[in-house]
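Heads up: the sequence lines are chains L and P, in that order. Residue numbers are given in numbering that gives the first Met the number 0: position 187 of the first sequence equals residue 186, and the series is strictly consecutive. Residue numbers are given in numbering that gives the first Met the number 0: position 148 of the second sequence equals residue 147, and the series is strictly consecutive. Report on one structure; see the data block that follows.
Protein chains: 2
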Amino acid sequence: MKLTLNRNAFIQELQKVQRAIATKTTINILTGVKIDLTNQGLTLTGSNAEISIESFLSVEDENAQMNIERTGSVVLQARFFSEIIRRLPEEHFTLEVLEQNQVKITSGKAYFTVNGLDSDNYPHLPIIDTPNQIQIPIQVLNKLISETVFSVSQHESRPILTGVHFVLSNEVLLAVATDSHRLSQRKIPLADTAEQFDIVIPGKSLIELSRSLSDEEGDVSIRMMDNQVLFEIEGMKFYSRLLEGAYPDTNRLIPTSFNTTIEFEGKAFLAAIDRASLLSHEGRNNIVRLHIADDGVILYGNSPEIGKVEESLNYNQVSGEPLDISFNPDYMKAALRAFGDTTIKIQFISAIRPFILEPSEGQGEFVQLITPVRTN
Amino acid sequence: MKLTLNRNAFIQELQKVQRAIATKTTINILTGVKIDLTNQGLTLTGSNAEISIESFLSVEDENAQMNIERTGSVVLQARFFSEIIRRLPEEHFTLEVLEQNQVKITSGKAYFTVNGLDSDNYPHLPIIDTPNQIQIPIQVLNKLISETVFSVSQHESRPILTGVHFVLSNEVLLAVATDSHRLSQRKIPLADTAEQFDIVIPGKSLIELSRSLSDEEGDVSIRMMDNQVLFEIEGMKFYSRLLEGAYPDTNRLIPTSFNTTIEFEGKAFLAAIDRASLLSHEGRNNIVRLHIADDGVILYGNSPEIGKVEESLNYNQVSGEPLDISFNPDYMKAALRAFGDTTIKIQFISAIRPFILEPSEGQGEFVQLITPVRTN
Numbered sequence: 000m001k002l003t004l005n006r007n008a009f010i011q012e013l014q015k016v017q018r019a020i021a022t023k024t025t026i027n028i029l030t031g032v033k034i035d036l037t038n039q040g041l042t043l044t045g046s047n048a049e050i051s052i053e054s055f056l057s058v059e060d061e062n063a064q065m066n067i068e069r070t071g072s073v074v075l076q077a078r079f080f081s082e083i084i085r086r087l088p089e090e091h092f093t094l095e096v097l098e099q100n101q102v103k104i105t106s107g108k109a110y111f112t113v114n115g116l117d118s119d120n121y122p123h124l125p126i127i128d129t130p131n132q133i134q135i136p137i138q139v140l141n142k143l144i145s146e147t148v149f150s151v152s153q154h155e156s157r158p159i160l161t162g163v164h165f166v167l168s169n170e171v172l173l174a175v176a177t178d179s180h181r182l183s184q185r186k187i188p189l190a191d192t193a194e195q196f197d198i199v200i201p202g203k204s205l206i207e208l209s210r211s212l213s214d215e216e217g218d219v220s221i222r223m224m225d226n227q228v229l230f231e232i233e234g235m236k237f238y239s240r241l242l243e244g245a246y247p248d249t250n251r252l253i254p255t256s257f258n259t260t261i262e263f264e265g266k267a268f269l270a271a272i273d274r275a276s277l278l279s280h281e282g283r284n285n286i287v288r289l290h291i292a293d294d295g296v297i298l299y300g301n302s303p304e305i306g307k308v309e310e311s312l313n314y315n316q317v318s319g320e321p322l323d324i325s326f327n328p329d330y331m332k333a334a335l336r337a338f339g340d341t342t343i344k345i346q347f348i349s350a351i352r353p354f355i356l357e358p359s360e361g362q363g364e365f366v367q368l369i370t371p372v373r374t375n
Numbered sequence: 000m001k002l003t004l005n006r007n008a009f010i011q012e013l014q015k016v017q018r019a020i021a022t023k024t025t026i027n028i029l030t031g032v033k034i035d036l037t038n039q040g041l042t043l044t045g046s047n048a049e050i051s052i053e054s055f056l057s058v059e060d061e062n063a064q065m066n067i068e069r070t071g072s073v074v075l076q077a078r079f080f081s082e083i084i085r086r087l088p089e090e091h092f093t094l095e096v097l098e099q100n101q102v103k104i105t106s107g108k109a110y111f112t113v114n115g116l117d118s119d120n121y122p123h124l125p126i127i128d129t130p131n132q133i134q135i136p137i138q139v140l141n142k143l144i145s146e147t148v149f150s151v152s153q154h155e156s157r158p159i160l161t162g163v164h165f166v167l168s169n170e171v172l173l174a175v176a177t178d179s180h181r182l183s184q185r186k187i188p189l190a191d192t193a194e195q196f197d198i199v200i201p202g203k204s205l206i207e208l209s210r211s212l213s214d215e216e217g218d219v220s221i222r223m224m225d226n227q228v229l230f231e232i233e234g235m236k237f238y239s240r241l242l243e244g245a246y247p248d249t250n251r252l253i254p255t256s257f258n259t260t261i262e263f264e265g266k267a268f269l270a271a272i273d274r275a276s277l278l279s280h281e282g283r284n285n286i287v288r289l290h291i292a293d294d295g296v297i298l299y300g301n302s303p304e305i306g307k308v309e310e311s312l313n314y315n316q317v318s319g320e321p322l323d324i325s326f327n328p329d330y331m332k333a334a335l336r337a338f339g340d341t342t343i344k345i346q347f348i349s350a351i352r353p354f355i356l357e358p359s360e361g362q363g364e365f366v367q368l369i370t371p372v373r374t375n
């Protein structure tokens, strides 16, 4: 393999796959990036136990200014290789595989010789040959992820809850995440698709996917096999394993009738929760208390060691029974951030039953649920 | 004490003194900020065992929009207090000391009550009443610090070497730092001063001082007592303790005659050293080798596990005997960064004797010395 190309174009490709490359792993070759050069172009692959990313730089890409002298492949230690490339003196550089996977990297008057690994020993990526696929706009998928993924469980005691449950049926894509203390659920219509699926994708994979796609536009195509899902956009393939097992039936968790309803400006309410949580974080119990009554709506936070905070809240409207309810402000902050700068309504049954948040104009397509904390 | 003022103006003052406030300390009150309100204005004080910073916000400062209802003082836990102030909802806020050092913080409809401490228990700052002082431009002092402080020792085995040695005599201010492997020395003329001193200021204090002064212009006045130095600018006083003991005589360490001299563009040489150090950092010995001979000037780095790098260097001129010398590239990088983007000359005696760097046009006013590493 021998190739000369533009350094910045190469660095961009390397960054795409580095997201998947394990820094700590028992499989040494997975700390490497696999480099495959054919006459069509350059394929880079990075992988860890959960996700794999493959990028492709076409020989026809003008920014890459590729000059292919000899095709071939090799695996190079990714972190180190990327630091070398970043520091090279010239705009272009040459990559040449010598004997025994030694790789010569030349740019200007600097040349490195580094030890590579045989690419035949690199694990094969899953082959997803199903023709069935769905297409959704990248920004819709990213929004779906950011609105739900924060609610996945961080604990491995129930592994299935560390993923987001995606169900496609009747032209509606449903995404649900819950750590059993709170739940996030989003539905989006997907017209003109006959596809159906029911899968659980690890939360960590989705966070990386979201980062990988954050600057992209257009559609992403999604295909899956028994235990893998593939997200594909122009020039990049993103594979994630799926979580195995049955996801709990979350539909019955979301209440439908309520005794108290209040409507806030999301952003102002978030700022107040943030202030109150300053004190609750210092105390032993991380809770704040919301008081809803005829005399006003008041938020309380307190820490015996440091002090207390009390804030009379502005609200748009309130109805139903008075209520005193305590909850974890971090759950509330995460939910409010997911709504962004909009008007939200919160509906309660009682101080000990889960309550739900949704946009004021919502019809159940985006719901956050939080379980309160009993204080007596 | 009761005071209403502009929140941003207050945050600025708080940031100044927070630099000095210990996050970990056995003296609990030092995690606090001392707040003193007189009819002239507001003084904030932060301190740890090494440095103390005092800031003053005058009642006449129009940005502060201060409304003093009652003077007084209190100590508040700094980190926590600052997080509260940052999150307050309105442009202004009110600070009121209630009974038993309880402090009420009000802004809009939010109010906090936090536990403060009695300011009488806060340690007194040193009283530096000597009328003698020197004045130097803030940017000159900052440059002096950045050109030397990186060479102080990081080890407490010889505490005196953890400081920078400042000597003022005959209208020249000399600053020297060494960790016994390398040395940085800077001289600046200070005309029209009859002052003389010989002190050692802890490197850490100087780094904090430099950060405190980084956005400031004008002159800083420097005054000292037996074991303290005070740097003063408009609205801020910065105290540091001095290191006790005799600083070694470093003058005799700097050689004056040489056998090989080479001249580089500092920035290009730094980039080459940076590339070579990538590999040396991975190896057991963190060294790079510089080869100077008739056939060229070549820089080598290598790591048995990863690979090697070789770079033929551009240079402006070379004279004297050929040489092969090995050194720690991190020392070289730090020295080259201190010179910035200029032409530098490096003068060698032999492969086992310390060598010096200075700007090409230098006359000894700014010298960096590095001890090579013996490789056989």
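All residues carry an ideal CB built from backbone N, CA and C; glycine is no exception.
Any C-beta of chain L sitting closer than 8 Å to the C-beta of residue i?
i, result
"residue 110(P)", "yes"
"residue 29(P)", "no"
"residue 277(P)", "yes"
"residue 307(P)", "yes"
"residue 270(P)", "yes"
Can you pull the chain P residues whose beta carbon is under 7 Å from the beta carbon of residue i, in chain order?
i, result
"residue 273(L)", "86"
"residue 83(L)", "277"
"residue 311(L)", "108"
Would you verify that the beta carbon of residue i is, or is not, closer than 8 Å to some beta carbon of chain P?
i, result
"residue 79(L)", "yes"
"residue 203(L)", "no"
"residue 332(L)", "no"
"residue 26(L)", "no"
"residue 156(L)", "no"
"residue 118(L)", "no"
"residue 90(L)", "no"
"residue 98(L)", "no"
Taking 7 Å as the limit between beta carbons, can you name the residues of its chain near residue i, skipping five residues before and five after?
i, result
"residue 273(L)", "332"
"residue 10(P)", "84, 85"
Check the Cβ of residue i against every Cβ in chain L and list those closer than 9 Å, keeping chain order.
i, result
"residue 160(P)", "Here the premise fails: no neighbours, minimum Cβ distance about 32 Å."
Skipping 5 residues on each side, what residues in its chain have a beta carbon closer than 8 Å to that of residue i?
i, result
"residue 91(L)", "3, 4, 5, 6, 64, 106"
If distances are taken between C-alpha atoms only, which option among the options comes closest to residue i?
i, options, result
"residue 15(L)", "299(L), 194(L), 32(L)", "32(L)"
"residue 229(P)", "30(P), 316(P), 52(P), 39(P)", "52(P)"
"residue 321(P)", "350(P), 338(P), 360(P), 335(P)", "350(P)"
"residue 338(L)", "188(L), 358(L), 201(L)", "358(L)"
"residue 96(L)", "86(L), 109(L), 114(L)", "114(L)"
"residue 173(L)", "283(L), 131(L), 147(L), 355(L)", "147(L)"
"residue 231(L)", "195(L), 211(L), 186(L)", "211(L)"
"residue 400(P)", "303(P), 362(P), 201(P)", "Residue coverage of chain P in this structure runs from 0 to 375, which leaves residue 400(P) outside it and unanswerable."
Please tell me whether, using a cut-off of 7 Å, the distance from the CB of residue i to the nearest non-hydrogen atom of the ligand FAD is below it.
i, result
"residue 314(L)", "Of ligands this structure carries none, so the ligand FAD is not represented either."
Check the Cβ of residue i against every Cβ in chain L and list those closer than 7 Å, keeping chain order.
i, result
"residue 211(P)", "Chain L residues near residue 211(P): none, gap ~27 Å exceeds 7 Å."
"residue 262(P)", "Going along chain L, no residue has its Cβ under 7 Å from residue 262(P), so there is no contact; the nearest lies around 18 Å."
Sorted by chain position, which residues of the same chain lie with C-beta nearer than 6 Å to residue i's C-beta, five sequence neighbours on each side aside?
i, result
"residue 299(P)", "288, 309"
"residue 12(P)", "43, 54, 56"
"residue 407(P)", "Here chain P comprises residues numbered 0 to 375, so residue 407(P) is not present and cannot be evaluated."
"residue 41(L)", "56"
"residue 324(P)", "289, 350, 371"
Give the interface partners of residue i over in chain P, defined as CB-CB distance under 8 Å, in chain order.
i, result
"residue 114(L)", "304, 305, 306"
Below 9 Å on C-beta distance, what does residue i contact in chain P?
i, result
"residue 256(L)", "By Cβ distance, chain P contributes nothing, its closest Cβ being about 32 Å from residue 256(L), past 9 Å."
Run down chain L in chain order and give the residues with a C-beta less than 8 Å from the C-beta of residue i.
i, result
"residue 215(P)", "The contacting residues do not exist; residue 215(P) stays about 31 Å from chain L at best."
Checklist entry - Using 8 Å as the threshold, is the region 134-153 of chain L in touch with the region 213-225 of chain L, meaning 3 or more CB pairs across them? => result yes
Next on the checklist: Using 8 Å as the cut-off, can you tell me whether the region 55-72 of chain L makes contact with the region 273-293 of chain P, which would need three or more C-beta pairs spanning the two stretches below that distance?
Outcome noted: no
Next on the checklist: Measuring CB atoms only, is the region 20-38 of chain P touching the region 351-369 of chain L, in the sense that at least three cross pairs come out at less than 8 Å?
Outcome noted: no
Checklist entry - When the Cβ atoms of the region 143-162 of chain L are set against those of the region 233-246 of chain L, are three or more pairs found closer than 8 Å? => result yes
Checklist entry - Does the region 264-281 of chain L come close enough to the region 300-319 of chain L to have 3 or more Cβ pairs within less than 8 Å? => result yes
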